[in-house]
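Colleague: Here it is, the structure, as C-alpha cells.
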Amino acid sequence: MREVPLRREPVPPDGVMGGPPARGRFGEYGGRYAPESLVEACREVGEAFREAWADPGFRGALARLLAVHAGRPTPLTPALRLSEELGVRLYLKREDLTHTGSHKINNVLGQALLATRMGRRRLIAETGAGQHGVATATAAALLGLEATVFMGERDIERQALNVFRMRMLGAEVVPVITGSRTLKDATSEAMRHWVGATGDSHYCIGSVVGPDPYPWMVRELQRVIGDEARAQCAAELRTGVPDHVVACVGGGSNAAGTFAGFADTPARLVGVEAEGGAGAARGRLGVLHGCRSLFLQDGDGQITQAHSIAAGLDYPGVGPEHAHLRDLGRARYVTVTDDEAVRAAVRLARTEGIVPALESAHALAWVIRAAGDGELPAGSTVLMTLSGRGDKDVSTLKELL
Amino acid sequence: MREVPLRREPVPPDGVMGGPPARGRFGEYGGRYAPESLVEACREVGEAFREAWADPGFRGALARLLAVHAGRPTPLTPALRLSEELGVRLYLKREDLTHTGSHKINNVLGQALLATRMGRRRLIAETGAGQHGVATATAAALLGLEATVFMGERDIERQALNVFRMRMLGAEVVPVITGSRTLKDATSEAMRHWVGATGDSHYCIGSVVGPDPYPWMVRELQRVIGDEARAQCAAELRTGVPDHVVACVGGGSNAAGTFAGFADTPARLVGVEAEGGAGAARGRLGVLHGCRSLFLQDGDGQITQAHSIAAGLDYPGVGPEHAHLRDLGRARYVTVTDDEAVRAAVRLARTEGIVPALESAHALAWVIRAAGDGELPAGSTVLMTLSGRGDKDVSTLKELL
Amino acid sequence: MTYPRTNPAVAAGAVERHLRARRDVGRGLLMPYVTGGITPGWTDYLRAFAAAGADAIEVGLPFSDPTLDGVTIQQASDAALARGASTRRILADLSELSGLPDLGVPLVVSTYYNLVLHDGPEAFCAALRRAGVGGLIVPDLPVHEADELTGVAEGAGIELVLLASPATPQPRLAEISARSRGFVYAVSLMGTTGERAALAASAAELTGRIRRVTDRPVLLGFGISTPDQARGARRHADGVVVGAAVMRRVLDGAGPDDLRAFLAPLRQALDQECDRPR
Amino acid sequence: MTYPRTNPAVAAGAVERHLRARRDVGRGLLMPYVTGGITPGWTDYLRAFAAAGADAIEVGLPFSDPTLDGVTIQQASDAALARGASTRRILADLSELSGLPDLGVPLVVSTYYNLVLHDGPEAFCAALRRAGVGGLIVPDLPVHEADELTGVAEGAGIELVLLASPATPQPRLAEISARSRGFVYAVSLMGTTGERAALAASAAELTGRIRRVTDRPVLLGFGISTPDQARGARRHADGVVVGAAVMRRVLDGAGPDDLRAFLAPLRQALDQECDRPR
Ligand SMILES: Cc1ncc(COP(=O)(O)O)c(C=O)c1O
Ligand SMILES: Cc1ncc(COP(=O)(O)O)c(C=O)c1O
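Line by line, the protein sequences give chains R, V, E and Y. Residue 1 is where the first sequence starts when you use the UniProt record's numbering, and the numbers rise one by one after that. Residue 1 is where the second sequence starts when you use the UniProt record's numbering, and the numbers rise one by one after that. Residue 1 is where the third sequence starts when you use the UniProt record's numbering, and the numbers rise one by one after that. Residue 1 is where the fourth sequence starts when you use the UniProt record's numbering, and the numbers rise one by one after that.
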C-alpha cells in the first residue's frame, strides 16, 4: 500500500465529548424533557452516576466486570485482505467479540452496577431487535436484579429467538401493542412504565438518547470502545491516530463511545446512518423520549417510523451529542442503503471471515464506497467500530441472498 | 464459602499430554489407521506441524491471529452467584467469547495457517452442528483459502442457519446423504474426499480424533485453553491450581486442550460426556476414522449412532488420548443426560447471565450434580471450560422449554 | 389556612381569572378533556362539555408518541391522526368556535413539546391565540426546560400551565407553582393518564404541598373518572381534570349527549362537596 | 524384464500359489467382489463368479462406516446391514460352500479393521479359516499398523493382502510388497472405490513401481468396470478387481446370471490381451 503524506487539521477546542455537559446540553441539544414525574428520578440517576464515575471503587468494579464477564479489551483487527482490495488500511474494533455479541453490554453492565449502587432491584429496558434487551437481561441475571423488557409486538414476532433468550435469562418481556409496535413505541412504553416504578426500578436506556443524564452517561459507559481503540491504534499505527474513525449510528452509542476516544485528535469522525433512519443526516429539530435532538418528522411535526434492514438503526432520531457534533462540524453523518449494507456484510465475511451485524455493515459500506470514490485517499488509515456480530441477522440475510 | 484443607495427590509421571507421541500412540490408542492413500498425506501433515510448532515464526503468527482475530486470551469468569448456591468456587474459562463462538476456532486457525505453510489452497472439513464448519469457513476466508465442508443431510436440515453462514463466508457445503446422514458420516465423507484431493487440500479435522498427527496436533492447538487457564488460576486462586478441572467431551478437543494445561498438577481432571454419546465412559476398543480408540458399537462390531441434544457431543467415539488418560486414571469420564444439561443451561443463564452451548452445559450439569452429592466437597475450586455459546442451541431449547 | 400569595407583579391571565373567580365562589372546578380531531364533528363535544358545566376545557393536539399517556389517550391520538388530524386543522376547527366568548369557558390546549417546536414557540402560540385558546399544557416540558416557551407564551397571551407530580421536591414545587399560569396541574399519582379504581393517596399529599406555596387554582388530573373520585379530589384541590374516562367513551362511540350525561354526576359531586378545600 | 524375487524363506500361501500359477501361464487375473449378505441367496453370486472365470473372489464384510468406499459399496453395505448381515452370518454362509474345493477359486474377505478388532485378530482369523477363506484385505490397516495382525493371520493360514497407492513412496512400496501375502492390491487412483470413465494414468505408474520391488501378483483395483479398462490394466498388472461395477448391478436387481453375463466380456478382454505385462 502506498504511504500518503499525513494531512492533519487543527484539533477542535477542548471539552468536546468531555465531562458532564452543563444542564445536560450539547449545544442546543439534549436537556431533560421528561414528564415532571420522571424529573426527580433522572436527577437521582445523574447524581448517582456522577458520584459513581468519580469513585475509583465503582470504576474498578465495572472494569473487572467488563474484563472477566464481557471479555474486554476487545481486539483491534487489521482487515488485511479487505484493506488490500480497498487500498486503505482498515482496522476493526471488535465489539462483536463481547459477551452477548455487541457493544450494548458495555453500557448495560455500567447501568446495572449503578442500579445496584442506588439500591434498585429491577431494570427496565426497551429493545428493538433484542440486542439491548438480551444485554439487559444478562446484566440483570449476573447481578441478581429483575429485568422487564419492553418490545414492540412486531419485533417480538420478527425476533422470536432473542425473546426466548431474554426469557431464558429470567427477564420478563412485555409486548408493546401501540403505535407502530416497534422500538420507538417500546421506548415510549418503557418510559411510561418507569413513571410508575421509579422507587425500585432503574430505567436502563440502550443508547445515547433520552433525558439527561442518559446521553452523557451512556457515552461515558461506551467510551471504553474509543479509549481502548485509541491505545491500540497508538501501538499499531505509525501515525498513532487513524485518519478516519467510522461507526454506525442508530441512537448513536457505539459511535459516541468510539468518537469519545478520538474527539481531541485530528481524526475525522464519520457516523453512518441507515438511509431510512437518518436522524442526524436528515432529521429536524424536535423533542422525543426526553431529549431535544434531530428526529425524522412529517410536515405536521409527527415523528415518522424509521425503516432499515438493521433493526438497531430503525430509530427515527439520533442522540443529542451527535446533533451537536454535526453542528460543530466535528463529525459528519452520511447514509447507506440497505442494499449497500448487505453487500458490505457479505464482503467482510468473504475477505475477513467475519459476519458483521447489519448495523455495523453500514459503517463498512461507507468505507467501501468512500475508498472507491476517492473520499478516502489511498493509503489512509481507517478505524471502524464493528459494533456487533451478525448472528442475529443471519435469517434476514438468508431470505435476501 | 468455607475453606477446606487442601488435599493434594501425587502428580502423575511426566510426559502425559506432552510432546508428539511415539508412533502416534497414546498407550494402546491412537495410531494412523488411514487408508494407504492417505498415509503419506498424514505423514506430511505431521512433519509440517512438528516443524511449524518448533518454529517461533509460526507460533508468533498463530498467537497474533488468535489475539487479533479470535479474541484471545478469553477471560476466566468467577461464577459468583452460582458458586454461592453450589457451595463450591466455580470458575469458567470463556471459550464462548471467541470469534465464531466456540473453542473450535483455536484449532482451525492453527490448521489453516499450517495449510498455508504447506502450500495448500483449500481446507476440507466435516461438521455436525456446524460450529467447526463455520470456524473452518471463517479461517479459510481470513487466509484466502477455499473451504469445502461436509455435513450430513439431516444436520443440514436441523442447522440451516449455520449452513447459510458457511456459504456466506464463501465455503462450499456438501450434503452427505449416506448412513445416518449426521456427523459420523460427514467425517467418513470428508476423508473419502481428501483421498482424491491430498495434493492441494488440507483436511482440517475438528477434534482430537482421526489418524496421527491429528489427535496430538489438535490437542496442541487447543492447549492454549489450558495454558491460559493455568496462568489465570495462578493469579486468581489462593491455591494456584483448582481442585477440579472439568470439560465436556465430544471428540474431546476442548477437554484435551484444557487438561493439557493441568496434566502435571494435582488437579483432578473430569471429562463429561453425553449419556447417549459416551465413547470414553462406555465405548469399546475399535478403529474408526483413522484411529484406535473407544467407540460405541453394537454386538456385531458396527459403530452405533450417538444421540445427544448437543450436536457437538453426537459422536460415537472419543479421542485416543482420552482413552489413554482414562486407562491411566489421570482423568475420569462421567455422563450427563439431555435433561440435566438443559436444566444446567437454564441455571447458568439465570445466575450468571450466560447462555452456554448445550455441549458446555453438560460439563456444568456434572458440576451441579457433584456439588449436590458431595463429590465436590464444599469450598473446592472448580475450573470448567465453557466451550461455546448457546446461540446455536436457542431454537432447540425453545422447543423444549 | 391562608394561601401564600403569588407574586402580585404578575397579573393573572384570562384563564386564571376565570378559574379563580369560580373557585372563590366555592365552586369545584371541572375540566374535561377531548382529543382534537377525534371525530368529524368533534367540536360538538366542547359544546356538550360547556353545557355540562365545565369550567375549562382541555383539547389535546394528538402526537405520534404520547409518552405520558396511557392506552386510552394513546388510542385516541392514533385514531385522530389516522383521520388526518393536525395542529393546523384542529386550531382551524377551534377558530370557528372562537373560544371563550362562544362556549363561555376557556380553552386549554395540551400537547407534547415536539409539536410546539415544530412550528416554533412564537408561531405556535400565535396560532393558539388566533384560535381563541387561552392556556397550554405541555407534559414533557418540565419547568427547568420551560424558559424558551414561557416568555413567548406570556407575550402571546397564552397561559402556560405547569405540572406538579408527587415526586416533585418541595423547592421545585414552589418554583413550578410560581411559574405556572392559569392553574397548577397536579398529577395525582406516579403513572400515566388513564382511569383508576380509586383516587391515589398521593393526590392529597401533593395538593397539600402545592397549597403551601401558592394560592393559584390547583386541578387534580390523571385517573379521575367517577363522582366519588371527584368528591375526594375536591376535598384537597380546587377541581379535577377528566380525560381518559371521557375518551374511553368517545372511542366506544359516545356522542356529545352521552358525554353530557356522563359529566352531569361529576358536576353534581363537585357541587355537593362545597366546603372549601382545606 | 526380470522380477525381483520375494524372500524365498516365506513360502507362498494357497491364494498366492493359485494366482501365481494362473499368472504364470499367461492368464489375466479376475477378482470380482460382492458384499456378503447383500441378498438372501448371495452366495449364488460366488458360483456365478466362478463360472464366469474368476481367479479369486472378494467378499466384503459390510461395515457401518466404510471410509474408503464410494457410494455404490456404501449403499451395498448399508443394504446388507439392514438385512441383518454380520461377520458371523456371512462366514456361516461361506462355510456351507467350503471355499476353494467347492468353487475352485480362493475366497478373499475384505473389511474394515474395526470388525477384526471386535472379535480380536485371533478369533477373527480363525473364523475366516473355518469358513474356508484364504485371504484378507483390510483397507484401513496400513502396513505400519499391521504388526498386530500379520503374525496372527499367518498363523491361521490367512493371507493378509496389503494395499499400495499411487501416493505410496518407493521404500514403503517395497515394504508393502514384501509383507503383503496373496497378492499386492494396487489402488489404481487417488480416490475411493467406484466406477470411473477411464483407467487412471496413475495405475500404470504405480504398477510399474510395484513391479520393481516384487514378483508377487499385482491386482489393480478401484474404478475398473469395462473390458477396455481391463485390457488397459492387463498391460501393467496381473489382473483386476471389479467391485463397484458388480455391486451397482446387484443393487439394480441383477441376478447371478446377469453378473455372469456382465463378467464374460471382462474375462474375454483379459484373455485377449495375453502379452505378459511389461
Ligand atoms: C450491533 C449494533 N450496532 C449498532 C446499534 C445501534 O445502536 P447505537 O447507535 O446506539 O450504537 C445496535 C442497536 O441495537 C446494534 O445492536
Ligand atoms: C461448543 C462445543 N463444545 C464442545 C464440542 C465438542 O467437541 P470437543 O469434544 O472436540 O471439544 C463442540 C463440537 O462441536 C462444540 O461446538
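The beta-carbon is built from N, C-alpha and C at its ideal position, and this holds for glycine as well.
So, under 8 Å CB-CB, Gly257(V) and Gly279(V) are touching, yes? Tell me the CB distance rounded to an integer number of Å.
Modeller: Start at 1 with the first residue of the second sequence, and residue 257(V) comes out as number 257. Start at 1 with the first residue of the second sequence, and residue 279(V) comes out as number 279. Contact doesn't hold; Cβ gap of about 18 Å is too wide.
Colleague: If we define contact as Cβ-Cβ less than 7 Å, is residue 283(Y) a contact residue for chain V?
Modeller: Only positions 1 to 278 of chain Y appear in the structure, and residue 283(Y) is not among them; the question remains open.
Colleague: So does residue 407(V) have its beta carbon nearer than 6 Å to some heavy atom of ligand 2?
Modeller: As shown, chain V starts at 1 and ends at 401. That puts residue 407(V) outside it, with no answer to give.
Colleague: Kindly examine ligand 1 and report whether one of its heavy atoms sits closer than 6 Å to the Cβ of Glu340(R).
Modeller: Locating residue 340(R) in the first sequence gives position 340, counting from the first residue. For ligand 1, not one heavy atom lies less than 6 Å from the Cβ of Glu340(R).
Colleague: Under 7 Å Cβ to Cβ from Ala371(V), same chain only, skipping five residues before and after it: list those, please.
Modeller: Here residue 371(V) corresponds to residue number 371 of the second sequence, with the count starting at 1. The answer, listed in chain order, is Leu86, Gly87 and Val88.
Colleague: Does any residue of chain R bring its CB to less than 7 Å from the CB of Gly223(E)?
Modeller: Position 223 of the third sequence holds residue 223(E). Taking Cβ atoms only, chain R never reaches closer than 7 Å to Gly223(E), which makes this a no.
Colleague: Any residue with its C-beta under 7 Å from a non-hydrogen atom of ligand 2 counts. Can you list them all in chain order?
Modeller: Ser102(V), His103(V), Lys104(V), Gly128(V), Ala129(V), Gln131(V), His132(V), Gly206(V), Ser207(V), Val208(V), Cys248(V), Val249(V), Gly250(V), Gly251(V), Gly252(V), Ser253(V), Asn254(V), Ala255(V), Ala311(V), Gly312(V), Leu313(V), Ala357(V), Glu359(V), Ser360(V), Ser387(V) and Gly388(V)
Colleague: My assumption, with CB atoms under 8 Å, is that Leu141(E) sits in contact with Leu149(E). Please give the rounded CB distance.
Modeller: Taking the first residue of the third sequence as 1, we reach residue 141(E) at position 141. Taking the first residue of the third sequence as 1, we reach residue 149(E) at position 149. Contact flag correct, Cβ pair sits at about 6 Å.
Colleague: Find the residues of chain V that neighbour residue 306(Y), judging by a C-beta separation of less than 8 Å, and give them in chain order.
Modeller: The requested residue 306(Y) does not occur in the structure, where chain Y is confined to residues 1 to 278.
Colleague: Using 7 Å as the limit for Cβ to Cβ distance, is Asp300(R) near chain E?
Modeller: As a working note, residue 300(R) is residue 300 in the first sequence. Closer than 7 Å to some Cβ of chain E, the Cβ of Asp300(R) qualifies, so yes.
Colleague: Give me the Cα-Cα distance between Ile205(V) and Asp339(V), rounded to the nearest whole angstrom.
Modeller: The count along the second sequence starts at 1 and reaches residue 205(V) at position 205. The count along the second sequence starts at 1 and reaches residue 339(V) at position 339. Distance between the alpha carbons of Ile205(V) and Asp339(V): 29 Å.
Colleague: Quick test of the definition: if touching needs 3 or more C-beta pairs under 8 Å, does the segment 358-375 of chain V touch the segment 62-70 of chain V?
Modeller: no
Colleague: Would you check whether ligand 3 has a heavy atom nearer than 6 Å to the C-beta of Arg81(R)?
Modeller: Ligands displayed in this structure: ligand 1 and ligand 2; ligand 3 is not among them.
Colleague: Mind checking which residues open and close the alpha helix (DSSP H) that includes Tyr45(Y)?
Modeller: Residue mapping note: residue 45(Y) aligns to position 45 of the fourth sequence, counting from 1. Tyr45(Y) -> alpha helix (DSSP H) spans Thr43 to Ala51.
Colleague: Cα separation between His289(V) and Val272(V)?
Modeller: Walking along the second sequence from the start, residue 289(V) turns up at place 289. Walking along the second sequence from the start, residue 272(V) turns up at place 272. C-alpha separation (whole angstroms): 22 Å.
Colleague: Does His244(R) come out as helix, strand or coil in the three-state DSSP assignment?
Modeller: The residue labelled residue 244(R) in the question sits at position 244 within the first sequence. Here His244(R) sits in strand by DSSP.
Colleague: Of the residues Leu189(E), Gln272(E) and Pro217(E), which one's Cα is nearest the Cα of residue 281(E)?
Modeller: As displayed, chain E neither begins before 1 nor continues past 278, which places residue 281(E) out of reach and without an answer.
Colleague: Give me the Cα-Cα distance between Ala267(R) and Ala126(E), rounded to the nearest whole angstrom.
Modeller: On the first sequence, position 267 is the one that residue 267(R) refers to. On the third sequence, position 126 is the one that residue 126(E) refers to. Rounded to the nearest whole angstrom, the C-alpha separation of Ala267(R) and Ala126(E) is 46 Å.
Colleague: Can you name the start and end residues of the beta strand (DSSP E) that Val174(R) belongs to?
Modeller: The residue you call residue 174(R) lines up with position 174 of the first sequence. Here the beta strand (DSSP E) through Val174(R) covers Glu172 to Val176.
Colleague: Kindly indicate which three-state DSSP category Cys196(V) falls into: helix, strand or coil?
Modeller: Position 196 of the second sequence, counted from the first residue, corresponds to residue 196(V). The displayed chain sequence assigns Gly, not Cys, to residue 196(V). In this structure, Gly196(V) counts as coil in the three-state DSSP scheme.
Colleague: Shortest alpha-carbon distance to Val108(Y) belongs to which of Asp78(Y), Gly53(Y), Gly132(Y) and Met247(Y)?
Modeller: Looking up residue 108(Y) in the fourth sequence gives position 108. The residue with the shortest Cα to Cα distance from Val108(Y) is Gly132(Y).
Colleague: Just the Cα atoms here: how many angstroms apart are Asp200(V) and Lys398(V)?
Modeller: Locating residue 200(V) in the second sequence gives position 200, where the first residue counts as 1. Locating residue 398(V) in the second sequence gives position 398, where the first residue counts as 1. Cα-Cα distance, rounded: 42 Å.
Colleague: So who's on the other strand from Cys291(R), going by DSSP bridges?
Modeller: Along the first sequence, one-based indexing puts residue 291(R) at 291. Bridge partners of Cys291(R): Leu288(R).
Colleague: Look at the Cβ atom of Ser37(V), then the Cβ atom of Ala174(Y), and state whether they are nearer than 7 Å.
Modeller: Residue numbering aside, residue 37(V) sits at position 37 when the second sequence is read from its first letter. Residue numbering aside, residue 174(Y) sits at position 174 when the fourth sequence is read from its first letter. Going by C-beta atoms, Ser37(V) is not nearer than 7 Å to Ala174(Y).
Colleague: Quick check: the segment 10-23 of chain Y against the segment 54-68 of chain E, are at least 3 beta-carbon pairs closer than 8 Å?
Modeller: no
Colleague: CB Cys42(R) to CB Arg50(R), shorter than 7 Å?
Modeller: For this step, residue 42(R) is matched to residue 42 along the first sequence. For this step, residue 50(R) is matched to residue 50 along the first sequence. Taking 7 Å as the cut-off, the beta carbon of Cys42(R) is found no closer than this to the beta carbon of Arg50(R).
Colleague: What's the gap between the Cα of Val163(V) and the Cα of Gly28(Y)?
Modeller: Translated into positions along the second sequence, residue 163(V) becomes position 163. Translated into positions along the fourth sequence, residue 28(Y) becomes position 28. Using only the alpha carbons, I get a separation of about 49 Å.
Colleague: Any C-beta of chain R within less than 9 Å: which residues of the segment 60-79 of chain V qualify?
Modeller: Ala67, Val68, His69, Ala70, Gly71, Arg72, Thr74, Pro75, Leu76, Thr77 and Pro78
Colleague: Starting from Arg121(V), trace the beta strand (DSSP E) in both directions and tell me its first and last residue.
Modeller: Taking the first residue of the second sequence as position 1, residue 121(V) is located at position 121. That residue, Arg121(V), is in no beta strand (DSSP E); it is neither H nor E in DSSP.
Colleague: In chain V, what lies closer than 8 Å to Ala164(Y) by C-beta?
Modeller: Sequence index remark: in the fourth sequence, residue 164(Y) carries index 164 (1-based). Simply Glu36.
Colleague: Pick helix, strand or coil for Leu92(R), following the three-state DSSP scheme.
Modeller: In the first sequence, the residue the question calls residue 92(R) occupies position 92. It is a strand residue.
Colleague: Nearest to Arg17(E) by CA position, among Arg89(E), Arg47(E), Trp42(E) and Val105(E), is which residue?
Modeller: Taking the third sequence and counting its residues from 1, the one referred to as residue 17(E) is at position 17. With respect to the C-alpha of Arg17(E), the residue from Arg89(E), Arg47(E), Trp42(E) and Val105(E) having the closest C-alpha is Val105(E).
Colleague: Put Ala85(Y) into one of helix, strand or coil per three-state DSSP.
Modeller: On the fourth sequence, residue 85(Y) is found 85 positions in, with the first residue counted as 1. Secondary structure of Ala85(Y) (DSSP, three-state): coil.
Colleague: Would you report the Cα separation of Asn7(E) and Pro217(E), rounded to the nearest angstrom?
Modeller: As a working note, residue 7(E) is residue 7 in the third sequence. As a working note, residue 217(E) is residue 217 in the third sequence. Summary for Asn7(E): the model assigns pLDDT 49, below 50, so the residue's position carries little reliability, and this model does not support an answer.
Colleague: Does the Cβ of Ala123(Y) have 16 or more other Cβ atoms within 10 Å, making it buried, or fewer, making it exposed?
Modeller: Translated into positions along the fourth sequence, residue 123(Y) becomes position 123. The residue in question, Ala123(Y), is exposed, as its Cβ has fewer than 16 Cβ neighbours within 10 Å.
Colleague: Output, in chain order, the set of chain V residues within a Cβ distance shorter than 9 Å of Val213(Y).
Modeller: Residue numbering aside, residue 213(Y) sits at position 213 when the fourth sequence is read from its first letter. The premise fails here: Val213(Y) is roughly 15 Å from chain V at the closest Cβ pair, so nothing lies under 9 Å.
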